[in-house]
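Numbering (this note's numbering), first residue to last: 58 to 249.
Below is the structure:
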């Protein structure tokens with residue numbers, strides 16, 4: 058019995074060491090993460106949403122997966138798809154390297170999902186939002202402002218800090234399909 062406990066302990070330490078080494082080897086470059094982000098937006102965000110949390114039971118941005126227990130499993134799922142579901146195979150559209158950069162982006166999102174930021178100043182934020190930032194020219198908050206863009210009253214509850222920051226710094230980088238502008242021209246040449 059004593060030998061069994063010793064072997065179990067040694068094996069547990071061995072597994073912990075392997076996991077630590079694997080984590081250290083999973084260092085992704087900023088370029089890989091950015092490439093993965095672009096590929097995710099182009100190929101995955103339509104179904105998974107910009108934060109990777111639009112499919113029930115899956116939250117790619119927080120490292121919660123329904124069918125994968127490792128990042129290698131995710132590469133396989135991206136490659137082969139999931140039969141009987143809406144998840145298609147991307148093996149013909151994406152190279153192995155491209156699939157791995159998408160997974161690098163998942164790792165980045167998961168690592169930054171719970172990062173804490175400095176506390177904000179609501180009074181200053183409101184002044185910038187309503188004044189110098191000109192946010193109300195496109196957005197509204199509880200029916201105050203324009204209806205061109207989405208209402209932002211509950212945005213803090215549905216978007217992570219990193220996504221909000223990116224939206225402020227690069228407002229046109231990711232626009233959800235339902236928020237895109239549409240311009241219609243009738244047969245008579247009238248623009249709606």
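The beta-carbon is built from N, C-alpha and C at its ideal position, and this holds for glycine as well.
query	result
Beta-carbon spacing of residue 124, residue 134 below 9 Å	yes
Three-state secondary structure assigned by DSSP to residue 201	strand
Sheet register partners of residue 121 (DSSP bridge)	116
Exposed unless 16 or more other CB atoms sit within 10 angstroms - verdict on residue 170	buried
C-beta contact flag for residue 205 and residue 238 at 9 Å	yes
Alpha-carbon to alpha-carbon, residue 148 and residue 140	14 Å
Near the ligand NAD: residue 167 beta-carbon under 8 Å from a heavy atom	Ligands in the displayed structure: none, and consequently the ligand NAD is not present.
Nearest-angstrom Cα separation, counted from residue 137 out to residue 203	44 Å
Ordered list of alpha helix (DSSP H) runs contained in the region 146-188, each at least 4 residues	153-169 and 179-187
With 16 other Cβ atoms within 10 Å as the buried cut-off, status of residue 115	buried
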